[in-house]
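Asks:
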Amino acid sequence: MKSLYNDKEAKEFKTDLDLRVYTSRLLGRDSSLVLHGGGNTSVKSSATNLFGETEDILLVKGSGWDLATIEGEGFAPVKMDMLLKMAELKELSDEDMVKNQRLAMTNPSAPNPSVEAILHAIIPFKFVDHTHTDAVVTITNTEGGEDKIKELYGDKVLIIPYIMPGFVLAKLIYDMTRDVDWNELEGMVLMNHGLFTFNDDAKKSYEKTIELVDKAEGYLADKGASLHVQSEELHVDLLELASIRKEISNIKGHATISILNDSDKAVHFSKQDIQKISQQGPLTPDHVIRTKRVPAILGANFESDLNSYVKSYKQYFEDNKKDETLLNPAPNFAILESGGTLSFGKNAKEANIIKDINEHTFEAILKAEKLGGYKALSAANIFEVEYWSLEQAKLKKSGSSPEFNGKVAVVTGAASGIGLAIAKMLNARGAAVVALDINPEVTSIFNKADMIGVKCDLTCSADIQEAVAIAVKSFGGIDIVVSNAGIFTPSENLDSLSESNWEKSMDINLTSHQKLIKETAPFLKLGVESAIVMVASKNFPAPGKGAAAYSVAKAGQTQLARIAALELGEYGVRVNTLHPHAVFDTSLWTDEVLANRARAYGMSVDEYKTNNVLKTEIKSTNVADLVCAMAGSAFAKTTGSQVAIDGGSDRII
């Protein structure tokens, strides 16, 4: 492991806090050191209070912040004298610790201080760095792990036996170090937990972490605990993935994102003796909040396997509970026998965090097996963290989720106009979105963990099949299909209508919708409260001269939706259609076109835009609102309906 510290960069940071932010981000940049909010850092400084008095302050990472992106406001300022007095107490509940740490803050709007703030305070150095480094924790999670740490570091590090984070950990270290010469130590290794380094210089504290981790990585390599994984092609059954996700959603009681991890490492891990190596516990107890203690192992009869997991989890709870409330017994990730792994989350962010943690854990377990065997903490120790009162309190405070949280939507024609507005609004309301468009720019427009753009020719079944595969592998299934893609063909009367005009309109405005339904219907049947929303046109109920190719195709699309409603209703799939008209904030309606059309009708542009019964302008977001209503609870009992969104057209009324 190499230091990322840059002296030239560091000169730009003048204050204690600035330097703390800089080196914290260096730690957070390496996922083998900390993952998704893990680890914590601090700096001891001073501040002048309201009365002009100078106070010693601990600036410690606040709850909810990630070291990779932390800012100055992510550090909670806590009075040192209060923290040091708390360390002298014989007992202190975690709830009282959190309360009194907040009382000791000099800025009440700052985030809650880390639960390890007292520990940071008693370490007598200006800068303190705490990581959950993979290499060190891998060694601690083996048979005879403590002896291996002693062999590696000698007496240069203080070894702390595992104990719960919070006050009891701080108290243990406070008692252990009363007669310790801190200047003789290079760091502390917390068994099954992580590494602490410290120094009065930010660079030296950071680089001591790098040095100790580098030694641990070298130790693993010297002992033959390296990992070499060959690339393997994985063939997956997409309908099985969707079925598993459906069952998981049923157990959890809400729509759940399920992400397939088919990386070489995950596939390799799934082909090992997973009954032995995967059922001991997480790499560090902090991970249990995300991953649960162990994964489910799913074979050919996954329903039975999931039922067995739920029973086992409930037994684990009964064996260890005091007065805690049972958490949802569904697994948070699963290993497919020889087929990679799945991670489950209430949204794509949560599922991806679990996936990332698993990648690091798989590597650590495989290396630990070569170092004498992986040995995690006991079930009782893990339970203590999983059901920690502070974590229980967080769960009770969690607010309501967005309407489409955990749901997966496929939106066509999503690179611009109405489709773009629909995709963005569904995502803003919680859905993971797979956005399809023949325009390759869709891949750059939608390029996030929960928004994937796919270049797709909707007249090509193979393209649609590939897009469906991406949706299922990325998110687990399909719940919402918004069939929006279309074109407005040139105006031609029937006696001069060209074959190319007619065929192009039929291919894109009708047949592509049929192909999309054909390829997505099997997955919608396995979805959660599934819905298809057809975006048709007012040209179906109110066609115009010269628009035969367009109007007939849209009529066919509307009829297709009605038949789909009849055929898919028994599977709980709702199919509804909306007919937009005069949506002017799309790329088709340039300022020049609008001005010309308004002039032709003897109107101003504003009058032309609001030329409807309600005298209101229809925008893409208005259409997107209606799509969300049709896909959501407002239309939960409705299928086969048609709704115009046009401000009221006298031709339709």
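In my numbering, the protein residues as written are 733 to 1385.
Don't be surprised by glycine CBs; every beta carbon is placed ideally from N, CA and C.
Bear in mind that the values here come from a model prediction, so they are computed numbers and not experimental data.
For the beta strand (DSSP E) holding K1187, just list the boundary residues, first then last.
Replies: Numbered from its first residue, the sequence shown carries residue 1187 at position 455. K1187 -> beta strand (DSSP E) spans M1183 to K1187.
Asks: By DSSP, does E823 sit in helix, in strand, or in coil?
Replies: The residue labelled residue 823 in the question sits at position 91 within the sequence shown. In the structure shown, E823 sits in coil (DSSP, three-state: anything other than H, G, I, E or B).
Asks: Report buried or exposed for C1360, applying the criterion of at least 16 other Cβ atoms within 10 angstroms of its Cβ.
Replies: Along the sequence shown, read from residue 1 onward, the residue named residue 1360 stands at position 628. Under this definition C1360 is a buried residue.
Asks: In chain order, what residues of the same chain have a beta carbon less than 7 Å from the beta carbon of V753, not counting five sequence neighbours either side?
Replies: Within the sequence shown, numbered from 1, the residue matching residue 753 stands at position 21. Excluding residues within five positions, the ones whose Cβ falls inside 7 Å are I802, E803 and G804.
Asks: Taking the C-alpha atoms as reference points, what is the distance between T870 and D911?
Replies: Numbered from its first residue, the sequence shown carries residue 870 at position 138. Numbered from its first residue, the sequence shown carries residue 911 at position 179. Their Cα atoms are separated by approximately 30 Å.
Asks: Can you have a look at H986 and say buried or exposed, based on whether 16 or more other CB atoms are within 10 angstroms of its CB?
Replies: Start at 1 with the first residue of the sequence shown, and residue 986 comes out as number 254. With fewer than 16 Cβ atoms within 10 Å of its Cβ, H986 is classed as exposed.
Asks: So G1149 packs on S1319, CB below 8 Å; how close in whole Å?
Replies: One-based indexing of the sequence shown puts residue 1149 at position 417. One-based indexing of the sequence shown puts residue 1319 at position 587. G1149 to S1319, Cβ: 6 Å. Contact.
Asks: Just to confirm, are D866 and A1096 a CB contact at a threshold of 7 Å?
Replies: Position 134 of the sequence shown, counting from 1, holds the residue named residue 866. Position 364 of the sequence shown, counting from 1, holds the residue named residue 1096. It is a contact, given that the beta carbons lie within the stated cut-off.
Asks: Quick check on DSSP: helix, strand or coil for G979?
Replies: The residue labelled residue 979 in the question sits at position 247 within the sequence shown. The sequence given here has Glu at residue 979, not Gly. Note: E979 maps to helix in three-state DSSP.
Asks: Is the stretch 1003 to 1010 close to the stretch 1019 to 1036, with three or more CB pairs under 8 Å?
Replies: Verdict: yes, contact present.
Asks: With a cut-off of 8 Å on the beta carbons, I'd call V1393 and A974 a contact; round off their distance for me.
Replies: Because the chain spans 733 through 1385 in this model, residue 1393 falls outside it and cannot be assessed.
Asks: Helix, strand or coil, according to DSSP, for P1027 in the structure here?
Replies: Against the sequence shown, residue 1027 aligns to sequence position 295. Three-state DSSP puts P1027 in coil, outside helix and strand.
Asks: Taking the Cβ atom as the reference point for each residue, do T1144 and A1217 lie within a distance shorter than 7 Å?
Replies: By 1-based counting over the sequence shown, the position of residue 1144 is 412. By 1-based counting over the sequence shown, the position of residue 1217 is 485. Cβ atoms of T1144 and A1217: closer than 7 Å.
Asks: Please state whether DSSP places Q1004 in a helix, a strand or coil.
Replies: Position 272 of the sequence shown, counted from the first residue, corresponds to residue 1004. Residue state, collapsed to three classes: coil.
Asks: Compute every distance between the C-beta of N1039 and the non-hydrogen atoms of the ligand NAD, then say whether any falls below 6 Å.
Replies: Summarising the ligand content, the structure contains no ligands, and the ligand NAD is consequently not present.
Asks: Does the stretch 831 to 841 come close enough to the stretch 778 to 789 to have 3 or more Cβ pairs within less than 8 Å?
Replies: Segments in contact, yes.
Asks: Note down the Cα distance separating S735 from I942, rounded to an integer number of angstroms.
Replies: On the sequence shown, residue 735 is found 3 positions in, with the first residue counted as 1. On the sequence shown, residue 942 is found 210 positions in, with the first residue counted as 1. Computed Cα separation, rounded: 6 Å.
Asks: Would you mind sorting I1385 into buried or exposed? The rule is 16 or more other CB atoms within 10 Å of its CB.
Replies: Taking the sequence shown and counting its residues from 1, the one referred to as residue 1385 is at position 653. Looking at its Cβ environment, which holds fewer than 16 other Cβ atoms inside 10 Å, I1385 is exposed.
Asks: Should I1295 be labelled buried (16 or more other beta-carbon atoms within 10 Å of its own) or exposed?
Replies: To locate residue 1295, count along the sequence shown from 1; it is residue 563. I1295 should be labelled exposed.
Asks: Along the alpha helix (DSSP H) that carries Q1430, what are the first and last residues, could you check?
Replies: Nothing can be reported for residue 1430: it is not among the residues displayed for the chain, which extend from 733 to 1385.
Asks: Sorted by chain position, which residues of the same chain lie with C-beta nearer than 6 Å to S1075's C-beta, five sequence neighbours on each side aside?
Replies: Numbered from its first residue, the sequence shown carries residue 1075 at position 343. These residues qualify, in order along the chain: I991, F1065, A1083, I1086 and K1087.
Asks: How many Å lie between A819 and P856 at the Cα?
Replies: On the sequence shown, residue 819 is found 87 positions in, with the first residue counted as 1. On the sequence shown, residue 856 is found 124 positions in, with the first residue counted as 1. Cα to Cα, A819 sits roughly 13 Å from P856.
Asks: Enumerated in chain order, which unbroken segments of the beta strand (DSSP E) with a length of 3 residues or greater are wholly contained in the stretch 771 to 840?
Replies: Runs found: 772 to 780, 786 to 793 and 807 to 811.
Asks: Just the C-alpha distance for V921 and I1249, rounded to the nearest angstrom, thanks.
Replies: Walking along the sequence shown from the start, residue 921 turns up at place 189. Walking along the sequence shown from the start, residue 1249 turns up at place 517. Distance between the alpha carbons of V921 and I1249 is about 57 Å.
Asks: Could you tell me which whole alpha helix (DSSP H) segments of length 4 or greater appear in the stretch 1132 to 1176?
Replies: Listed in chain order, the complete alpha helix (DSSP H) runs (minimum 4 residues) inside the stretch 1132 to 1176 are 1149 to 1160.
Asks: Measuring alpha carbon to alpha carbon, tell me which residue in E1135, K746 and P1172 is nearest A1160.
Replies: Reading the sequence shown from its first residue, position 428 is the one you call residue 1160. The shortest C-alpha separation from A1160 is found at E1135.
Asks: Label Y1045 either buried or exposed according to how many other C-beta atoms from any shown protein chain fall within 10 Å of its C-beta, with 16 as the threshold for buried.
Replies: For the purposes of this step, residue 1045 is taken as residue 313 along the sequence shown, with counting starting at 1. With 16 or more other Cβ atoms within 10 Å, it is buried.
Asks: In this structure, does DSSP put R910 in helix, strand or coil?
Replies: Working through the sequence shown from its first residue, we reach residue 910 at position 178. Note: R910 maps to coil in three-state DSSP.
Asks: Considering only residues of the same chain and omitting the five flanking positions on each side of T1191, which have a CB-CB separation below 8 Å?
Replies: Counting from one through the sequence shown, the residue named residue 1191 turns up at place 459. Here the set comprises D1239, I1240, T1243, S1244 and K1247.
Asks: Short check: CB of T1353 to CB of A1153, under 7 Å?
Replies: Along the sequence shown, one-based indexing puts residue 1353 at 621. Along the sequence shown, one-based indexing puts residue 1153 at 421. Yes, the pair counts as a contact, with Cβ atoms nearer than the cut-off.
Asks: Could you say if the stretch 1040 to 1056 and the stretch 952 to 959 meet the contact criterion of at least three C-beta pairs nearer than 8 Å?
Replies: Touching, no, given that fewer than three Cβ pairs across the two stretches are closer than 8 Å.
Asks: Classify S1228: buried if its beta carbon has 16 or more other beta carbons within 10 angstroms, exposed otherwise.
Replies: As a position in the sequence shown, residue 1228 is number 496, starting the count at 1. Per the 10 Å Cβ criterion, exposed.
Asks: Below 8 Å on the Cβ atoms is my contact criterion, and I expect A1080 with F1207 to pass it. Report the Cβ-Cβ distance as a whole number of Å.
Replies: For the purposes of this step, residue 1080 is taken as the residue at position 348 of the sequence shown. For the purposes of this step, residue 1207 is taken as the residue at position 475 of the sequence shown. Right, the Cβ-Cβ distance comes to about 7 Å (below 8 Å), so this counts as a contact.
Asks: At least one CB of chain C closer than 7 Å to the CB of S1232: is that the case?
Replies: No chain C is part of this structure, which consists of one protein chain only.
Asks: List the whole-angstrom C-beta distance separating L1310 from L1358, where the pair is believed to meet the contact cut-off of C-beta under 8 Å.
Replies: Residue 1310 sits at position 578 when you count from the first residue of the sequence shown. Residue 1358 sits at position 626 when you count from the first residue of the sequence shown. Between L1358 and L1310 the Cβ distance is about 5 Å, and since that is below 8 Å, they are a contact.
Asks: Out of curiosity, what's the CA-to-CA distance linking E1224 and S1230?
Replies: Position 492 of the sequence shown, counting from 1, holds the residue named residue 1224. Position 498 of the sequence shown, counting from 1, holds the residue named residue 1230. Straight-line Cα distance between these residues: approximately 8 Å.
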